[in-house]
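Counting the sequence shown from 1 gives a position; this note's numbering is that position plus 8. As structure tokens, the structure follows; a few thoughts come after it.
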Amino acid sequence: MVQAVSSFPVRPGIGTRRRSQSAAKRTRRAILNLSFFACSAMVVLAAARWYDRLNPLLRLEHTEYQAGIPDISADSYLSARGAPLGYSAFTYDWDHVVEAARKADVLFLGNSRAVYGFRPQYFQPWLDRIGLRGFNMSFFGGGGFMPLYVIRKYDLHPKMVVVNDDGFLLLEGTRWGEAARRAGAWGDFKHYYGETALWLVQKRLHQIVPPLRAFTGRRSLVIYTSIKDGEPIFAFGEDEGKPMRELPAAEPPPAVKTIVDRAVPPSRLGSKEFFDEMDRRGILVVLTAIQDNGEFIGYYLAKRMNEENKRIYVHAMLPNLMGQAGSHMDARSSQRLMNDLMPKILALPQVQALARKPGEARP
């Protein structure tokens, strides 16, 4: 005899239902309590900031946001907010950043140390003496791949490039440049302008409610870059004031020499590709290596490679500089560097031959 099976679903017991309902109530209560706490904290902080502005004698610690961070102007773009955005800007010419580089007579190339070291406000007065216009086209964390990519993609023909050869001729790419190219124009458009919009919202929000890192540390950097000449504009972040006293010895330590020896073969390949492209375009190359306050691996590699390449190399190591962020020099140190380096470059006969004649118009 077949036993009949009920078509009605089996209901959970009363105890099970009560336990699940109780757990749901506890979860909702926890979420409400957390939300209430967060809202209360924001209200208290906002009220404190408002009170601080009205009562300067009882003011809380000022943050950069409250003191006033400049807006991005029509002549600048957001080039770094945690991660660098210059790769995106130059890959797709967002904000028309390539135009000034196209018109420049001299491009200053390199990694982030070159961003800090080759500051246009200090190299341009020297270039004015021979009627040339300069542009800093260095990239945070980068080597020679991205500058060469930009020169080829936009068919740039400067008269000269000044290169901080700190591993530059390895022609290594970066994850930021690769991500920009892989994303495509539309994907990178959303990323680039999305980051810019997010920063503008954050900047205004934190004028009222300060970020937690305003009290725990301010190492996060936000940097704008001038579209006109590539000048870095440091909108947010502390200046470390770190001494950079060391200079490289005549010969590298054994451990550094081992690293340099391994880097020589790929540098040979990169050197040939870069110099062949510059020669084909009729671009004069001037190499240097600026202070890094570390093991000077880039300097020793540049020195080693130039013994083979026999290109123009100008020594640029100065003692007693100051680091703004780690091994990246501050503005005064950049001025010292340019006042030492630029006269040496301008004295080169090959550079004198590039000088614009009196009355000759710039492009």
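Cβ atoms here follow ideal geometry from the backbone N, Cα and C, with glycine treated the same way.
For the 8 Å CB-CB criterion, L292 and K111 do not form a contact.
Distances from the alpha-carbon of L156 to those of F176, I77, A75 put F176 closest. Judged by beta-carbon spacing, L255 lies beyond the 8 Å limit of M330, meaning their Cβ atoms are not closer than that value. For Y124, the enclosing alpha helix (DSSP H) starts and ends at 120-125. Taken in chain order, the complete alpha helix (DSSP H) segments of 4 residues or longer contained in the segment 85-168 are 94-100, 106-111, 120-125, 128-136, 153-161.
In the three-state scheme derived from DSSP, where H, G and I count as helix and E and B as strand, F304 is classed as coil. M350 places its beta carbon less than 8 Å from that of F131.
Looking at the DSSP output, I298 shares a beta bridge with no other residue. Boundaries of the beta strand (DSSP E) harbouring M252: 250-252, taken from the DSSP string. For F176, there is no enclosing beta strand (DSSP E), as DSSP marks it with neither H nor E. With a contact defined as Cβ atoms closer than 8 Å, V294 and V170 qualify at about 5 Å.
If you draw a straight line from the Cα of V123 to the Cα of P133, it comes to about 18 Å. Counting of Cβ neighbours within 10 angstroms places A258 among the exposed residues, the total staying below 16. Residue pairing from DSSP places H336 in a beta bridge opposite A333. Ranked by how close their Cα comes to the Cα of G245, the residues E281, V264, Q332, L213 have Q332 in first place.
D79 and I235 do not touch by the CB rule: their CB atoms are close to 15 Å apart, not below 8 Å. Burial is judged here by how many other beta carbons sit within 10 angstroms of a residue's own beta carbon; P251 has fewer than 16 and is exposed. Annotation: S81 is outside any alpha helix (DSSP H) and is labelled neither H nor E by DSSP. W184 places its beta carbon less than 8 Å from that of P92.
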